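Asks:
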Amino acid sequence: MIKKSFLVLLLSFIVVCTFNTAIFAISSAKMIGLGDNFVTVTGADALYANPAAVNANNKSFTLEMGLSLDVWNNMLINDYIDESEKDELLDKTKDGFLVGGDGQAGLKLIIGPMAMISEVRADTLIRSSSDLAELILKGNEIGRDYNFDNTVGSGGVYGDLGLNFSVESIEDLKESFNLKDLYFGFTYHRLEGMIFDLEGKGKVNVDYDSEDTEPAISSDGDFLAKYSDEDELASGSALDFGAYAELNDKYSIGFSVMNLGSLTSETIHKVKYEYNEVTEEFEEIGDSDTIIDEDLEWTLPSIIRLGAKMNYSEDITFFSDYSYTKYHDGDKDHKFSAATELTWLKSVPLRTGVNYSTLREDFNWSAGLGLYLWGWKTDVGVSDLMGLFNKSQGVEFALTTKLEF
431 MIKKSFLVLL LSFIVVCTFN TAIFAISSAK MIGLGDNFVT VTGADALYAN
481 PAAVNANNKS FTLEMGLSLD VWNNMLINDY IDESEKDELL DKTKDGFLVG
531 GDGQAGLKLI IGPMAMISEV RADTLIRSSS DLAELILKGN EIGRDYNFDN
581 TVGSGGVYGD LGLNFSVESI EDLKESFNLK DLYFGFTYHR LEGMIFDLEG
631 KGKVNVDYDS EDTEPAISSD GDFLAKYSDE DELASGSALD FGAYAELNDK
681 YSIGFSVMNL GSLTSETIHK VKYEYNEVTE EFEEIGDSDT IIDEDLEWTL
731 PSIIRLGAKM NYSEDITFFS DYSYTKYHDG DKDHKFSAAT ELTWLKSVPL
781 RTGVNYSTLR EDFNWSAGLG LYLWGWKTDV GVSDLMGLFN KSQGVEFALT
831 TKLEF
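Next comes the structure, spelled out in structure tokens:
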């Protein structure tokens, strides 16, 4: 019964704060097909990975529309979990059960060295305590305390108006480093939307009362949620910058720093959820319609990327990347990625890639393809193909279409 009550509360937060805010991953279909936002991919896709590489594809005009979705966790898989697997999964989540999501939907216009972005974006991460992770997977034990401490979450859904400049270096600088080509770029984002923050504390216990034969639940724990008002939106800005270099006809390298910024709200709603021992449910305490004059800030997940590309042949390209991400609540992720793109059929490029995330403690396998008819290009990407073996811990999908020449 306690498992059911907590699951209802947690799933409510996941649905409201993760799925509905991340209905569209912050990536493109090509990038999802490759398995990561590779820092050496050029063109409009580079707006998610390296602002310097946006103008490095020798195209003078691009108008793109796209949407994408990414929802994941670090414990539950798309298969029946037997008792022998539960302890193994809990060992992976000793620091807590993570549920995350991110996404985007919108337009991009690129003319020469300048690009404009108009998108709806979302990003969220919720971490429950290791005790609650065990409660979700195994259910409650009689007489045991389950601690809510270290349960945190934060995120936002927001509009993004961005301006990118990607310019080629002067010849003297390229010659001094013996480079074929060198680009520098940055993107400025103006942001406005809704943000939230979640924190849990205290504990819950199920034990037999001396007078009853049925177990009774007691709890001094609660969950506190803070979120901005829909009529008084949070606002802020962010900056991306990077460099992209072609060493020769075969090798390229790139570096970028993304999402340096935050959103802040000066008025918020504050709601507490406490366990009611009579109804055996978590209930809202206070008035969620009341607006409070209190600052709430959410820092965007900041990302450092470093990678390389090899044009193995005219029709085969290899990518490799390393990225480091730091989230608002202090979670950190090191991701290692590798991918290939095959263009034997120029009108139907094929892509596949794998990555390993230290935060998720999981491998992902991705694939995608394009349909290119003259200047009209459509791409599709999907992950995680480990779901074919009933081992997937998330789903990621994107569709992008653009006119480019």
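Using this note's numbering, read the sequence shown as starting at 431 and increasing by one per residue. Positions of the beta carbon are idealized from the N, C-alpha and C atoms, including for glycine. No experiment lies behind these values; they were computed from the predicted model shown.
Could you pull the start and end residues of the beta strand (DSSP E) that LYS700 belongs to?
Replies: Taking the first residue of the sequence shown as 1, we reach residue 700 at position 270. Taken as a continuous stretch (DSSP letters only), the beta strand (DSSP E) holding LYS700 covers 681-706.
Asks: Using the Cβ count rule (16 or more neighbours within 10 Å means buried), how would you classify ILE540?
Replies: Translated into the one-based positions of the sequence shown, residue 540 becomes position 110. Buried, because 16 or more other Cβ atoms sit within 10 Å of the Cβ of ILE540.
Asks: Please state whether DSSP places GLU771 in a helix, a strand or coil.
Replies: The sequence position of residue 771 within the sequence shown is 341, counting from 1. In the structure shown, GLU771 sits in a strand (DSSP, three-state: E or B).
Asks: What's the gap between the Cα of ALA459 and the Cα of ASP553?
Replies: Taking the first residue of the sequence shown as 1, we reach residue 459 at position 29. Taking the first residue of the sequence shown as 1, we reach residue 553 at position 123. When rounded, the distance between both Cα atoms is 18 angstroms.
Asks: So GLY589 packs on GLY623, CB below 8 angstroms; how close in whole Å?
Replies: Taking the sequence shown and counting its residues from 1, the one referred to as residue 589 is at position 159. Taking the sequence shown and counting its residues from 1, the one referred to as residue 623 is at position 193. With a Cβ gap of about 6 angstroms, GLY589 and GLY623 count as contacting.
Asks: For MET495, is the classification buried or exposed, using 16 other Cβ atoms within 10 angstroms of its Cβ as the cut-off for buried?
Replies: Indexing the sequence shown from 1 puts residue 495 at position 65. Its Cβ having fewer than 16 others within 10 Å, MET495 is exposed.
Asks: Taking just the CA atoms, how far does TRP728 sit from GLY691?
Replies: If you number the sequence shown from 1, residue 691 lands on position 261. If you number the sequence shown from 1, residue 728 lands on position 298. Approximately 9 angstroms, taken between the alpha carbons.
Asks: Pick helix, strand or coil for ALA675, following the three-state DSSP scheme.
Replies: Stepping through the sequence shown from its first residue, residue 675 is reached at position 245. Note: ALA675 maps to strand in three-state DSSP.
Asks: What does PHE748 pair with, by DSSP beta-bridge criteria?
Replies: Reading the sequence shown from its first residue, position 318 is the one you call residue 748. DSSP output for PHE748 lists MET740, THR770 as bridge partner(s).
Asks: Quick one, are the C-beta atoms of GLY585 and PHE616 less than 9 angstroms apart?
Replies: Against the sequence shown, residue 585 aligns to sequence position 155. Against the sequence shown, residue 616 aligns to sequence position 186. Not in contact: GLY585 and PHE616 (Cβ atoms no closer than 9 angstroms).
Asks: Near LEU780, which residues of its chain fall below 6 angstroms by C-beta distance, leaving aside the five closest residues on each side in sequence?
Replies: What you label residue 780 is simply residue 350 of the sequence shown in a count that begins at 1. Hits under 6 angstroms: LEU772, LEU799.
Asks: Starting from SER658, trace the alpha helix (DSSP H) in both directions and tell me its first and last residue.
Replies: Start at 1 with the first residue of the sequence shown, and residue 658 comes out as number 228. Premise fails: SER658 lies in the beta strand (DSSP E), 652-658, not in any alpha helix (DSSP H).
Asks: Figure out for me which residue from SER822, SER599, TYR576, PHE685 has the closest Cα to the Cα of VAL636.
Replies: Indexing the sequence shown from 1 puts residue 636 at position 206. Ranking the options by Cα distance to VAL636, first place goes to TYR576.
Asks: Run through DSSP, which three-state label would LEU609 get?
Replies: Taking the first residue of the sequence shown as position 1, residue 609 is located at position 179. It is coil, neither helix nor strand.
Asks: With a threshold of 16 other CB atoms inside 10 Å of the CB of GLU571, please say whether the residue is buried or exposed.
Replies: Locating residue 571 in the sequence shown gives position 141, counting from the first residue. Classification for GLU571: exposed.
Asks: Specify whether the segment 678-694 and the segment 478-486 touch according to this definition: at least 3 beta carbon pairs, one from each stretch, less than 8 angstroms apart.
Replies: Yes, since at least three Cβ pairs between the segment 678-694 and the segment 478-486 fall closer than 8 angstroms, the two stretches touch.
Asks: If we count the other Cβ atoms within 10 Å of its Cβ and call it buried at 16 or more, is GLY583 buried or exposed?
Replies: Sequence index remark: in the sequence shown, residue 583 carries index 153 (1-based). Buried: at least 16 other Cβ atoms inside 10 Å.
Asks: Please work out which residues of its chain come closer than 6 angstroms, Cβ to Cβ, to LYS762, disregarding the five sequence neighbours upstream and downstream, and give them in chain order.
Replies: Within the sequence shown, the letter at position 332 stands for residue 762. Closer than 6 angstroms at Cβ, skipping near neighbours: LYS756.
Asks: Please classify MET546: is it buried, with 16 or more other beta-carbons within 10 angstroms of its beta-carbon, or exposed?
Replies: As a working note, residue 546 is residue 116 in the sequence shown. By the 10 Å Cβ count, MET546 comes out exposed.
Asks: May I ask you to report which of helix, strand or coil DSSP gives LEU562?
Replies: Locating residue 562 in the sequence shown gives position 132, counting from the first residue. Helix, per DSSP.
Asks: To the nearest angstrom, report how far apart THR492 and ALA738 are at their CA atoms.
Replies: Stepping through the sequence shown from its first residue, residue 492 is reached at position 62. Stepping through the sequence shown from its first residue, residue 738 is reached at position 308. Distance between the alpha carbons of THR492 and ALA738: 24 angstroms.
Asks: Express the C-alpha separation of ASP561 and TYR613 in angstroms, rounding to a whole number.
Replies: Here residue 613 refers to the residue found at position 183 of the sequence shown. Here residue 561 refers to the residue found at position 131 of the sequence shown. In a straight line, the C-alpha of TYR613 is about 49 angstroms away from that of ASP561.
Asks: Taking the alpha carbon of PHE653 as the reference point, which residue from ALA668, LYS631, GLY672 has its own alpha carbon closest?
Replies: On the sequence shown, position 223 is the one that residue 653 refers to. Taking only the C-alpha atoms, the option nearest PHE653 is LYS631.
Asks: Straight-line CA distance for SER514 to LYS568?
Replies: As a first step, residue 514 must be located in the sequence shown, where it is residue number 84. As a first step, residue 568 must be located in the sequence shown, where it is residue number 138. If I take the Cα positions, the gap works out to 11 angstroms.
Asks: Quick check on the burial criterion: 16 or more other C-beta atoms within 10 angstroms. Buried or exposed for LEU628?
Replies: Taking the sequence shown and counting its residues from 1, one reaches residue 628 at position 198. Its Cβ being crowded by 16 or more others within 10 Å, LEU628 is buried.
Asks: Would DSSP call GLU518 helix, strand or coil?
Replies: Translated into the one-based positions of the sequence shown, residue 518 becomes position 88. GLU518 falls in the helix class under three-state DSSP.
Asks: Given a threshold of 16 other Cβ atoms within 10 Å of its Cβ, counted over all protein chains shown, does TRP804 qualify as buried or as exposed?
Replies: Translated into positions along the sequence shown, residue 804 becomes position 374. Result: exposed.
Asks: Throw me the rounded Cβ distance for the SER498 and ALA768 pair, which I believe falls under 8 angstroms.
Replies: By one-based count along the sequence shown, residue 498 stands at place 68. By one-based count along the sequence shown, residue 768 stands at place 338. Going by Cβ atoms, the distance from SER498 to ALA768 rounds to 21 angstroms, so no, they are not a contact pair.
Asks: Assuming LEU528 contacts ASN503 (C-beta within less than 8 angstroms), just tell me the rounded distance between them.
Replies: Reading the sequence shown from its first residue, position 98 is the one you call residue 528. Reading the sequence shown from its first residue, position 73 is the one you call residue 503. LEU528 to ASN503, Cβ: 6 angstroms. Contact.
Asks: Considering just the uninterrupted stretch of the alpha helix (DSSP H) at ILE462, what are its terminal residues?
Replies: Here residue 462 refers to the residue found at position 32 when the sequence shown is read from its first residue. Its alpha helix (DSSP H) spans residues 459-464.
Asks: Specify the secondary structure class of ALA828 as computed by DSSP and reduced to three states.
Replies: For this step, residue 828 is matched to residue 398 along the sequence shown. ALA828: strand per DSSP, three-state reduction.
Asks: So for GLU834, helix, strand or coil by DSSP?
Replies: Against the sequence shown, residue 834 aligns to sequence position 404. Looking at GLU834 - three-state DSSP - the assignment turns out to be strand.
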